[in-house]
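These notes are about the structure you will find just below.
Numbering (UniProt numbering), first residue to last: 1 to 205.
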């Protein structure tokens, strides 16, 4: 009886140990299953992220291609180059008499009005020998214009008759007037810049 009881206890202990081993194995299998599920979930997430650009690329590639109809270009008139194009109008400036020839471009849609040339008989005739004044008169006119242009602003007389001089500021006087003004005010009578007796020079008109 003692031996039987001992063998029964051994059997129970072995069963308990086997049961614990089975429980540990089930727990280990459960952990492995959860780990596998996490790995599968991560793989699915990564595949979803990487597949998005591919889907976009496929959509871009499958977009409809725009088609341009070039069949109507055959009916359009040919474009002429600038070198071969006819001039729109030609005016003859070398012919002194008669109507001026003009080439009209019939292909142009612009309206063109041609006016008759005036007759040469109606044009007044001017005798250049009579109309032109003598050279002496021209010289007198030039001299008078020069006298009007170069007048002393102090005495209002022509500077060409009274030794013209110019100051450093560019104003023209007769020598006597500017010397008197410098002695009195030491300034230019026009712009009031300071002047000395050495700051003007003779000019020849």
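The beta carbon of each residue, even a glycine, is placed where N, CA and C say it ideally should be.
In this text, all values refer to a predicted model and were calculated from it rather than measured experimentally.
For residue i, the three-state DSSP class (helix, strand or coil)
i: residue 167; result: strand
i: residue 162; result: coil
i: residue 36; result: helix
i: residue 65; result: coil
i: residue 198; result: coil
i: residue 174; result: strand
Chain-order list of residues whose beta-carbon lies under 7 Å from that of residue i (same chain, five-residue window excluded)
i: residue 155; result: 174 and 177
i: residue 38; result: none
i: residue 187; result: 193, 194 and 195
i: residue 15; result: none
i: residue 166; result: 172, 200, 201 and 203
Residues near residue i in its chain [Cβ-Cβ closer than 8 Å; skip 5 each side]
i: residue 205; result: 146, 150, 159, 160 and 164
i: residue 33; result: none
Residues that residue i bridges to, as DSSP identifies them
i: residue 187; result: 194
Nonlocal neighbours in the same chain, by C-beta distance under 6 Å from residue i, ignoring five residues either side
i: residue 168; result: 199
i: residue 67; result: none
i: residue 2; result: Residue confidence is low: residue 2 scores 47 on pLDDT, short of 50, so the model does not pin down where it sits. Its coordinate-derived value is still stated next. Same-chain partners within the cutoff: there are none.
Heavy atom of the ligand HEM within 7 Å of residue i beta-carbon
i: residue 26; result: As far as ligands go, the structure on display features none, and thus does not contain the ligand HEM.
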